[in-house]
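Just remember that the numbering used here sits 100 ahead of the position in the sequence shown, which is counted from 1.
Input: a single structure, listed below in structure tokens.
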Amino acid sequence: MAHGQKNATRHKHIFDQIEDLYGIPPGVLLAFWAFETDFGAFQGNYNTRNALVTLAHDCRRPELFRPQIFAALELFLRDAFNPETTQGAWAGEIGMVQMLPQDILDNGVDGDGDGLVDLRSSPADALMSGAKMLSNMGWKAAQPWLQEVILPFDMDWSLTGLDTQKPVSNWAALGVQGANQPLYQADLESSIILPQGRFGPAFIAYPNFHVYFEWNQSFVYVTTAAYFATLFEGSPRYGSELEYPGLNRTEMKSLQSTLRDLGYDVGKIDGILGAQTRRAKGSKRVGAACRCLANLGAVKRALSDSKLKPPPKRVAKSGGLSAGKLTPPSFQLFSNQPIPTGLPLVPAS
Ligand SMILES: [Ca+2]
């Protein structure tokens with residue numbers, strides 16, 4: 101946070117320009133800048149040509165990475181990409197906010213006016229380009245993205261989750277209140293999310309929250325980046341008295357296995373409470389069991405006692421990267437540098 105606040109001050113003139121041009125508050129970009137590269141400190145040292153060609157060859161997501169090679173060629177023709185020296189993340193993203201070549205073609209901005217789009221060493225270029233990308237992804241100026249709320253004691257928990265959207269006025273009528281400030285515009289479609297379950301903090305997610313998923317499809321990444329953005333914008337940290345330890349990784353894997361055995365599509369058994377596990381847990385039939393979870397044993401007992409029937413299988417969303425994690429390929433063409441295993445294969449790492 102301290103590092104972010106220093107950067108906010110140091111680059112105030114850039115953030116002011118961005119807010120005027122794209123309507124994106126500084127905190128939103130500061131959070132992405134922090135999460136992607138620790139404000140430019142860790143941008144990756146993989147040769148980008150090698151990374152892209154390897155991933156374009158790899159059998160799992162070639163449709164995503166092959167167009168990126170042509171985009172990189174176009175950048176090369178514009179003297180903005182050097183096959184020998186351009187470096188970045190192992191999944192092909194370049195610069196302080198980690199953009200793929202096509203994103204650079206579509207959104208690259210010469211923020212400092214030196215005639216080049218330099219995403220690695222010019223904060224003005226990187227932040228302006230990131231802002232333009234968010235704007236093109238659908239960010240609405242002068243609208244919030246996430247806000248902590250207080251829920252009524254008798255909340256219908258089955259209404260929580262991103263699948264249920266209601267105008268803010270409807271949530272207010274149900275007793276939902278802003279924790280630190282009033283709820284925003286009454287007609288904004290919004291959802292109530294509980295990242296740590298009903299005993300953790302509660303948030304209302306506004307339309308701009310969905311733009312985060314265009315940047316990165318991981319629920320955990322999105323929620324954390326969006327929350328950090330609210331802190332940078334001056335919201336207080338959520339009440340520590342609400343903290344609830346939740347399930348550890350092993351317990352979460354067991355819960356996922358139990359849900360899978362019951363026929364729910366929870367994605368990979370990875371111990372991470374991602375979108376699919378949340379959806380399975382949130383389904384009406386297992387909702388009562390899971391909402392009462394005090395410990396895994398109770399959940400398992402509740403699940404096994406309740407003679408639940410599985411829902412129809414959900415088909416994974418096609419196109420783009422999945423919310424789950426893929427293991428990177430174990431080989432790389434043209435390079436002796438191994439790709440680390442176990443890292444998420446996401447465009448914005
Ligand atoms: Ca520049």
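C-beta: ideal position from N, C-alpha, C; glycine also.
Predicted model only: the values in this text are computed from it and were never measured.
Exposed unless 16 or more other CB atoms sit within 10 angstroms - verdict on residue i
i	result
D120	exposed
L129	buried
H111	buried
G238	exposed
L219	buried
K232	buried
R160	exposed
K409	Because the pLDDT of K409 is 42, which lies under 50, any placement of that residue in the model is unreliable, and the number read from its coordinates should be weighed accordingly. Its Cβ having fewer than 16 others within 10 Å, K409 is exposed.
E163	exposed
K417	Bear in mind that the predicted position of K417 carries a pLDDT of just 33, short of 50, making it unreliable; the figure below should be weighed with that in mind. K417 should be labelled exposed.
S291	buried
N348	exposed
R379	buried
F115	buried
G397	Because the pLDDT at G397 is just 49, under 50, the model does not fix this residue reliably, and the point stays unresolved.
M101	exposed
S229	buried
T109	exposed
S430	Residue placement at S430 is flagged as unreliable, the pLDDT there being 35, under the threshold of 50; a coordinate-derived value is accordingly withheld.
E451	Residue 451 is absent from the structure shown; the chain starts at 101 and stops at 449.
R149	buried
G424	In this prediction, G424 scores a pLDDT of 32, lower than 50, which makes its location untrustworthy; no coordinate-derived value is stated.
T350	exposed
E289	exposed
N308	buried
E136	buried
D405	With a pLDDT of 46 at D405, under the threshold of 50, the predicted position of this residue should be treated as unreliable, though the coordinate-derived value follows. Classification for D405: exposed.
Y126	Inspection of the sequence shows that residue 126 is occupied by Pro rather than by Tyr. By the 10 Å Cβ count, P126 comes out buried.
E193	buried
L175	buried
G104	buried
T358	buried
G275	exposed
D158	buried
N145	exposed
Bounding residues of the alpha helix (DSSP H) (the contiguous stretch that carries residue i)
i	result
Q317	No alpha helix (DSSP H) holds Q317; DSSP gives it neither H nor E.
E289	First-last for E289: E289 to I293, but that is the beta strand (DSSP E), not the alpha helix (DSSP H).
W133	P126 to T137
Y122	K112 to Y122
K232	P223 to M237
D361	R349 to D361
E163	P162 to L177
Cross-strand partners of residue i (DSSP beta bridge)
i	result
N147	Q187
L246	A305
M199	I194
Any non-hydrogen atom of ligand 1 within 7 Å of residue i CB
i	result
G211	yes
V276	no
V197	no
S357	no
L47	For the chain, the structure presents residues 101 to 449; residue 47 sits outside this window and is missing.
S221	no
D120	no
D225	yes
Segments of 3+ residues assigned as beta strand (DSSP E) that fall wholly inside the stretch 250 to 293: If we require 3 residues or more, the beta strand (DSSP E) runs fully inside the stretch 250 to 293 come out as 289 to 293.
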